[in-house]
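Asks: From first to last, the protein sequence lines are chains X and U.
Numbering of the first sequence is given in my numbering, commencing with residue 4 and proceeding in unit increments.
Numbering of the second sequence is given in my numbering, commencing with residue 17 and proceeding in unit increments.
Structure in structure tokens, see below.
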Amino acid sequence: MGEPMTRGAGLGEDAGEAVFPPGLTDVDLRTLRAMDDPAVLAAVAGVLADPDGLRRVWYTTGGDDGIAPAGPGHAFSAAVARQSLRGEDTVA
Amino acid sequence: MTPGAVGPAGDVRPAAPAAPAPGPVPPGILTALARTRPLPAATAVLNAALHARRMLLLKSLLVRFDAVRGALPTAARRRFEDDWALLERAERTDAQAVRAVLDYPATGAWLAAALATPDGPDFQEALAGLGAVAVAAALRAGCRFTTTRLLPAGTLPLPGIGLLRCADGRARLSGRAGAVRITDSAGRTLLLPGPSAGPAAPAVPGTRRPADGALAWSALHTLPGGTAVLDDVDPHRVPAGGIGPTALPAAERPFSDPAAWAARWRDAHALLAATHPARAAETTALVRAVVPLVPPADGGPPLSATVRTAPGAVLAQLPADRRELAELLVHETHHTKLAVLDELVPLWRPGGGLHRVGWRRDPRPVSGVLQGAYAHLALLDLWWRARTGPAWVWRRRAAERFETCREQVAEALSVLARSDELTPYGREFVRHMGHHHAHLGVTARPSG
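Right, dumping it as structure tokens:
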């Protein structure tokens, strides 16, 4: 496979954001710990800058299909309704 | 907020965008993924990407540990270093076994929770989770090891393997060739035999405990026909806030009904394999765990979910029949596929607006529109096959749902096609989704 990137990297109009560091698929743990490659550390900084963003949940009910943060708080629902799929048409 | 204009069903292709620059996913794979095609090569790309992402989260935890190590108590610092050393040793023994533990959904959920924990005592406690991962890895790798764990919560979850309950909060574990001897501070002992074949891990699903119940081991049940497990014990299997608008929690053993899940899983996979063998194989390759949720209250609608940091886990209430489970597995597997792909290549830009769609009152971000459209496009593909497939019992239902869902996906794709929040990869991805949607629409109509 090719080398992964994080959001926006290398896409022309989206350039300027951190590049997902290469080589993480096959790296061993000892090497991972010692890694100080700027690309790796930039990607780590990206993760640590928004740790709550990691915990997103996509859920589906008989009435809807939504996306929400995992923790307590607001839910921002966003997807295709599934009400008709299970006969629970509550939001149409 | 952009209006959600409904496009013509069956043709929601946007104007051909400029092709994105060569990226980390070969164009043929990206196209196959957009069309929801269950290609083994695409599955391999996703599994590699999932592991790379998991390693990035692990590296992030190491960076945070290094940043606070001077402020940690000596015992906590030493414990983390010992756990890391055990993890490295397990990897040297059997790298694939350790990879399976690292890539297990609950490991991702623990990492995400740990990284979101502020510095201080809570972070120190979160770091202890590395010990559970290391012990699980050592067991799976068949390492010889001895470790003493302090368990303030009285539990030690071993990702993908099971859960140890230890009432007095201190347990000594000695592992060898996948078998483990567990002794608590009162001298109670559990002996869990290693498997005679297959992945190294303590065998015997279900719960084993000494007579007084103070020390107990709950092994996960493996679902029929593969390696996926029914995870009804790991504390990280469901986010702390629960799932969905009612904050639905996980079903706890012994109320998780493993026998019913195993039977329905077997039947659903047989149905899926008869209808679309490649899709059944893809599901087997990508679903690592099923997490039972408590049944709906007051007969409410059933719920299923996928967690971004735990792709490969299907969180669900037990579906009513094999058809529903087959559909649910395809739906959630596509949330997993897109979650992993979206970590690999950017499909949308953060910070965009909200979009109206015709079937919901609440606006939603483009990422959610994309996730829902993708999961339902996969269902359309499934129903397109099932309506004329070998399973007579599924044909009528599949035909009805295909027709209803096709219009809904068309609306969502129309929103996406008009959106300026997609990246070039995202626009290309949606374009291929539109092609596939159109193909299904055309070929679904009777000739003439």
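No residue lacks a Cβ here, since even glycine has one placed at the ideal position from N, Cα and C.
These numbers come from a predicted model, not from an experiment.
Name the two residues that bound the continuous alpha helix (DSSP H) containing F9 (chain U).
Replies: The displayed coordinates of chain U run from 17 to 464. Any statement about residue 9 (chain U) would go beyond what the structure contains.
Asks: For A57 (chain U), I'd like the list of residues in its chain whose CB is within less than 7 angstroms of its CB, leaving aside the five on either flank, ordered along the chain.
Replies: To locate residue 57 (chain U), count along the second sequence from 1; it is residue 41. Correct list, in chain order: I45.
Asks: Give the residues from the region 247-272 of chain U that approach chain X closer than 7 angstroms (Cβ to any Cβ), ordered along the chain.
Replies: If the cut-off is 7 angstroms between Cβ atoms, the region 247-272 of chain U has P255, A256, G257, I259, G260 and P261 near chain X.
Asks: Do three or more CB pairs link the region 348-368 of chain U to the region 402-415 of chain U at distances below 8 angstroms?
Replies: No: fewer than three Cβ pairs fall under 8 angstroms.
Asks: Got a sec, what are the start and stop residues for the beta strand (DSSP E) W233 (chain U) sits in?
Replies: The count along the second sequence starts at 1 and reaches residue 233 (chain U) at position 217. Taken as a continuous stretch (DSSP letters only), the beta strand (DSSP E) holding W233 (chain U) covers L231 to A235.
Asks: Helix or strand or just coil, what does DSSP make of A187 (chain U)?
Replies: For this step, residue 187 (chain U) is matched to residue 171 along the second sequence. Residue state, collapsed to three classes: strand.
Asks: Hey, quick one: how far does the alpha helix (DSSP H) through A332 (chain U) stretch, first residue to last?
Replies: Residue 332 (chain U) sits at position 316 when you count from the first residue of the second sequence. Careful: A332 (chain U) lies outside any alpha helix (DSSP H), inside the beta strand (DSSP E) at A329 to A332.
Asks: I want to see whether chain X comes within less than 8 angstroms of S430 (chain U), judged by CB atoms only; does it?
Replies: Sequence index remark: in the second sequence, residue 430 (chain U) carries index 414 (1-based). No, because no Cβ of chain X sits closer than 8 angstroms to the Cβ of S430 (chain U).
Asks: Which residue's Cα is closest to the Cα of Y62 (chain X): U:L357, U:E348, U:L73 and U:A92?
Replies: Numbered from its first residue, the first sequence carries residue 62 (chain X) at position 59. Selected option, being the one with the closest Cα: U:E348.
Asks: Taking 8 angstroms as the threshold (C-beta atoms), are L143 (chain U) and L73 (chain U) in contact?
Replies: Translated into positions along the second sequence, residue 73 (chain U) becomes position 57. Translated into positions along the second sequence, residue 143 (chain U) becomes position 127. No, Cβ-Cβ distance for L73 (chain U) and L143 (chain U) is not below 8 angstroms.
Asks: Use the C-beta contact count for F96 (chain U): other C-beta atoms within 10 angstroms, 16 or more gives buried, fewer gives exposed.
Replies: Along the second sequence, read from residue 1 onward, the residue named residue 96 (chain U) stands at position 80. Flag for F96 (chain U) reads buried.
Asks: Are the CB atoms of A394 (chain U) and M449 (chain U) within a distance shorter than 8 angstroms?
Replies: As a position in the second sequence, residue 449 (chain U) is number 433, starting the count at 1. As a position in the second sequence, residue 394 (chain U) is number 378, starting the count at 1. No; because the gap between Cβ atoms is not below 8 angstroms, this pair is not in contact.
Asks: Can you give the beta carbon distance from V94 (chain U) to R85 (chain U), rounded, assuming they're within the 8 angstroms contact cut?
Replies: Stepping through the second sequence from its first residue, residue 94 (chain U) is reached at position 78. Stepping through the second sequence from its first residue, residue 85 (chain U) is reached at position 69. It is Arg, not Val, that sits at residue 94 (chain U) in the sequence shown. With 8 angstroms as the limit, R94 (chain U) and R85 (chain U) do not qualify as a contact, their Cβ atoms being about 11 angstroms apart.
Asks: Under the three-state reduction of DSSP, which class applies to T352 (chain U): helix, strand or coil?
Replies: Residue 352 (chain U) sits at position 336 when you count from the first residue of the second sequence. Helix.
Asks: Please compile the residues from chain U whose C-beta is within a distance smaller than 8 angstroms of the C-beta of A52 (chain X).
Replies: The residue labelled residue 52 (chain X) in the question sits at position 49 within the first sequence. The premise fails here: A52 (chain X) is roughly 10 angstroms from chain U at the closest Cβ pair, so nothing lies under 8 angstroms.
Asks: Determine, for T28 (chain X), whether the minimum Cβ-Cβ distance to residues of chain U falls below 8 angstroms.
Replies: In the first sequence, counting from the first residue as 1, residue 28 (chain X) sits at position 25. Yes, T28 (chain X) lies at the interface with chain U (some Cβ there is under 8 angstroms from its Cβ).
Asks: Please name the residue, chosen from U:I198, U:L180 and U:A342, that lies closest to R188 (chain U) on a Cα-to-Cα basis.
Replies: Translated into the one-based positions of the second sequence, residue 188 (chain U) becomes position 172. Out of U:I198, U:L180 and U:A342, U:I198 has the C-alpha closest to the C-alpha of R188 (chain U).
Asks: Could you list which residues in chain U have their beta carbon closer than 8 angstroms to that of A45 (chain X), in chain order?
Replies: Counting from one through the first sequence, the residue named residue 45 (chain X) turns up at place 42. By Cβ distance, chain U contributes nothing, its closest Cβ being about 11 angstroms from A45 (chain X), past 8 angstroms.
Asks: In the DSSP assignment, find the unbroken beta strand (DSSP E) run with S320 (chain U) in it and report its ends.
Replies: Your numbering for residue 320 (chain U) matches position 304 in the second sequence. Per DSSP, S320 (chain U) belongs to the beta strand (DSSP E) from L319 to V323.
Asks: Can you give me, in chain order, the residues of the region 69-91 of chain U that have a beta carbon less than 8 angstroms from any beta carbon in chain X?
Replies: Residues R69, M71, L72, L73, L74, K75, S76, L78, V79 and R80.
Asks: How about L127 (chain U) and I177 (chain U): are their beta carbons less than 8 angstroms apart?
Replies: What you label residue 127 (chain U) is simply residue 111 of the second sequence in a count that begins at 1. What you label residue 177 (chain U) is simply residue 161 of the second sequence in a count that begins at 1. Result no, Cβ atoms of L127 (chain U) and I177 (chain U) do not sit closer than 8 angstroms.
Asks: Does the separation of the CB atoms of E298 (chain U) and R69 (chain U) fall below 8 angstroms?
Replies: Stepping through the second sequence from its first residue, residue 298 (chain U) is reached at position 282. Stepping through the second sequence from its first residue, residue 69 (chain U) is reached at position 53. The answer is no: Cβ separation not under 8 angstroms.
Asks: Does A342 (chain U) get closer than 8 angstroms to chain X when you measure Cβ to Cβ?
Replies: Position 326 of the second sequence, counting from 1, holds the residue named residue 342 (chain U). False, the Cβ-Cβ gap to chain X never drops below 8 angstroms.
Asks: According to DSSP, T205 (chain U) sits in a beta bridge with which residue or residues?
Replies: Position 189 of the second sequence, counting from 1, holds the residue named residue 205 (chain U). Partner(s): U:T199.
Asks: Could you check whether the Cβ of D40 (chain X) sits closer than 8 angstroms to any Cβ belonging to chain U?
Replies: Walking along the first sequence from the start, residue 40 (chain X) turns up at place 37. D40 (chain X) does not count as touching chain U.
Asks: Give me the Cα-Cα distance between T262 (chain U) and V307 (chain U), rounded to the nearest whole angstrom.
Replies: What you label residue 262 (chain U) is simply residue 246 of the second sequence in a count that begins at 1. What you label residue 307 (chain U) is simply residue 291 of the second sequence in a count that begins at 1. Distance between the alpha carbons of T262 (chain U) and V307 (chain U) is about 17 angstroms.
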